[in-house]
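Data first, discussion second: the structure below is written as structure tokens.
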Amino acid sequence: MAQFQSLPGFREFYPDALARRNHIFRLWRQTANTYGFQEYDAPVLEPLELYKTKSGDEIEAQLFSFTDKGGREVALRPEMTPTVCRLVGEKANALKRPIKWFSIAEFYRYERMQKGRGRCFFQLNADIFGEAGVEAETELMALLIQCFASFGLTEEDFYVRLSDRNLWFFYLEALGLDEPRSRAVLSAVDRFEKLGEDAFKDYAEQFGAIDLELKAKVLAFLQIKSLPALESAVAAIPDEKLGARLADWRKLLGNLSAMGLGRFVEVDLGVVRGLAYYTGFVFEAFDRKGELRALAGGGRYDSLIGKLGYNDMPAVGFGVGDMTFALLLEQRGLTPAVAQSTDVYVVIGGGAERAVAFADIQSLRADGFRVEYPLKEVAFGKQFKAAGESGAKLALIYGGDELAKGVVKIRDLGARTEIEVPREQVASTVRDFFSGGAE
RNA sequence: GCGGCCUUAGCUCAGUUGGUUAGAGCAUUAGAUUGUGAUUCUAAGGGUCGCGGGUUCGAAUCCCGUAGGCCGCCCCA
């Protein structure tokens, strides 16, 4: 039986599964289009160096990487960001701003499988380049939320946590921390939700036990869950950068409320997105029940394009993986039955009738109807059964009796009624049925 | 990289203290039904019991190894 298995962590999409996947992609694509994003794609295989430059040498352990026949070190793409940065960086001078792009692509990571995570997966990636202000965050967060809401998910189902690495750096700077210490504190902040007090161990190893007063301030700051709380926390510290940053926060949250999306967004300074390349606002989407891993993540990464050797360009982006998202839809009963059904099933008497039926079948198909017929001669009873199971709305009956009279019998499979029409009126009758009956 | 549980038909699962030819439901195909569909009845196809080794007169069953799956830790771009 199992002569060959698929590789661990890889997925196969039988028609049902592919129909569900396509449904997700269709709505994502449609939503991105309504926001004025343009779709792009790029190679699955990239130079290994592209990812090392962005994420460091350690990344190789988590990549599908190998040496190709030309001696090049290559890797299957684990993410889209470096690639899209190259695309934008190469043609930066020729691209109209703002650059609003998206892609739906497959990615590969050499990882251990878990719920919502495999070695290959699809992601919707959307990015805005060339806009340094919070207008870019506004547009992207709105798109992210709409990409979920399009499926019928509501604020009861998911929410987006918003945080800000700049705000953290300015705050820690105002508290007198240098950059290495600030980074260590942020790393602790990132892990605090999971590890609790242990999150500060790494900091202690590098810089000695953390000052208790400082720690108290950090913990208080990371538990801020609203703009007013943030404002009052910052009000106590006279700092120009912090004040300016707060203005950005008001603007971004104000924009999202004006769009009617405020209910989806929560201030949560506990989110800092790991050691990532993010430089400003960061956000993550989660299911409300807290049962699944992150649904989406994104943020601003203004220095990455420069790091890859191009002129600096501001950038904000997010990615949504298909696996966790599909789990959420399933949990909420929003996975649609998307089986594509037949429009017309043609019942054919015998060999002679077949030739006549074929001509009409082909012309109906040319008109865009989905038409099926039995590949081999089978009994009428079977054919009607097959017609019912196919989901067809109409059955056309090409029997010897009808053709002798120059007519075709058309059966409305839903209403269980039949009419006979002259053969030359078959196409128009079918067309009328579907244009009149459908909407 | 580490840990827990699991693996018998396409799917969901039975399978007695180790004992003849490994079963059921669903699904598939065919027949009842050579001109009218979602019901019903009948039958068929489909398995080297994940793979390899060991114990035994005899292994789906016990032991060892290994692969794969699920879940969690680490990580999560």
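Numbering (our numbering), first residue to last: 89 to 527.
Just so you know, even glycine gets a beta-carbon here, dropped at the ideal spot from N, CA and C.
Here the structure is a predicted model, which means the values were calculated and not measured.
Identify whether residue i lies in helix, strand or coil by the three-state DSSP scheme.
{"i": "ASP453", "result": "Note that residue 453 is Arg in the sequence shown, not Asp. Residue state, collapsed to three classes: helix."}
{"i": "PHE369", "result": "strand"}
{"i": "ASP286", "result": "helix"}
{"i": "PRO135", "result": "strand"}
{"i": "LEU501", "result": "coil"}
{"i": "GLY331", "result": "helix"}
{"i": "SER191", "result": "strand"}
{"i": "VAL518", "result": "helix"}
{"i": "LEU484", "result": "strand"}
{"i": "GLU568", "result": "Only positions 89 to 527 of the chain appear in this structure, which leaves residue 568 out of reach."}
{"i": "GLU354", "result": "strand"}
{"i": "ILE507", "result": "strand"}
{"i": "PHE113", "result": "helix"}
{"i": "ASN343", "result": "helix"}
{"i": "LEU228", "result": "helix"}
{"i": "GLN513", "result": "helix"}
If we count the other Cβ atoms within 10 Å of its Cβ and call it buried at 16 or more, is residue i buried or exposed?
{"i": "ALA214", "result": "buried"}
{"i": "MET89", "result": "Confidence is the limiting factor: at MET89 the pLDDT is only 40, short of 50, which leaves the residue's position unreliable, though a coordinate-based value still follows. So MET89 ends up on the exposed side."}
{"i": "ASP245", "result": "buried"}
{"i": "GLY124", "result": "exposed"}
{"i": "GLU527", "result": "Residue placement at GLU527 is poorly supported in this model, since its pLDDT is 39, which falls under 50; the coordinates still yield a value, given next. That one is exposed."}
{"i": "VAL306", "result": "buried"}
{"i": "ALA454", "result": "exposed"}
{"i": "ARG114", "result": "exposed"}
{"i": "ALA447", "result": "exposed"}
{"i": "ALA475", "result": "buried"}
{"i": "ALA324", "result": "exposed"}
{"i": "GLU512", "result": "exposed"}
From residue i to residue j, what distance separates their C-alpha atoms?
{"i": "GLN202", "j": "ALA515", "result": "53 Å"}
{"i": "ALA321", "j": "ILE192", "result": "40 Å"}
{"i": "TYR486", "j": "PHE236", "result": "47 Å"}
{"i": "GLU506", "j": "PHE522", "result": "16 Å"}
{"i": "THR423", "j": "PRO326", "result": "51 Å"}
{"i": "ALA264", "j": "ALA403", "result": "Note that residue 264 corresponds to Gly in the displayed sequence, not to Ala. Near 29 Å, if we compare the C-alpha coordinates of ALA403 and GLY264."}
{"i": "ASP145", "j": "ILE393", "result": "18 Å"}
{"i": "VAL518", "j": "GLU178", "result": "53 Å"}
{"i": "VAL355", "j": "SER314", "result": "5 Å"}
{"i": "GLN421", "j": "VAL248", "result": "The sequence shown places Gly at residue 421, rather than the Gln named in the question. Approximately 21 Å, taken between the alpha carbons."}
{"i": "PHE406", "j": "LEU484", "result": "50 Å"}
{"i": "ARG117", "j": "ARG185", "result": "21 Å"}
{"i": "ALA297", "j": "SER251", "result": "26 Å"}
{"i": "LYS464", "j": "LEU106", "result": "28 Å"}
{"i": "ALA92", "j": "ARG99", "result": "First, the amino acid is wrong: residue 92 is Phe here, not Ala. In a straight line, the C-alpha of PHE92 is about 14 Å away from that of ARG99."}
{"i": "VAL162", "j": "VAL132", "result": "10 Å"}
{"i": "VAL509", "j": "LYS493", "result": "10 Å"}
Beta carbon of residue i, beta carbon of residue j: below 8 Å?
{"i": "VAL353", "j": "ALA384", "result": "no"}
{"i": "LYS497", "j": "GLU490", "result": "yes"}
{"i": "TYR198", "j": "LEU151", "result": "yes"}
{"i": "PRO170", "j": "TYR196", "result": "no"}
{"i": "GLY204", "j": "ARG333", "result": "no"}
{"i": "GLY439", "j": "GLY488", "result": "no"}
{"i": "VAL222", "j": "LEU340", "result": "yes"}
{"i": "LEU232", "j": "ALA373", "result": "yes"}
{"i": "VAL370", "j": "ARG361", "result": "yes"}
{"i": "LEU228", "j": "GLY386", "result": "yes"}
{"i": "ALA479", "j": "THR430", "result": "Sequence inspection shows Gly at residue 479; the Ala mentioned does not correspond to that position. Yes, the Cβ-Cβ distance between GLY479 and THR430 is below 8 Å."}
{"i": "ALA445", "j": "TYR461", "result": "yes"}
{"i": "ALA180", "j": "TYR389", "result": "no"}
{"i": "TYR366", "j": "ARG200", "result": "no"}
{"i": "LYS303", "j": "PHE280", "result": "no"}
{"i": "PHE309", "j": "LEU274", "result": "no"}
Cβ-heavy atom distance between residue i and the ligand FAD below 7 Å?
{"i": "LEU250", "result": "Among the components of this structure there are no ligands whatsoever, and the ligand FAD is therefore not found."}
Where are the beta strand (DSSP E) runs, 3 residues long or more, that stay fully inside the segment 413–481, in chain order?
-> 432–436
Ranges of the alpha helix (DSSP H) found wholly within the segment 245–323, counting only runs of at least 4 = 253–262, 267–283, 289–295, 300–310, 315–323
In chain order, which alpha helix (DSSP H) runs of at least 4 residues are fully inside the segment 119–182?
-> The segment 119–182 contains these whole alpha helix (DSSP H) runs: 136–143, 169–178.
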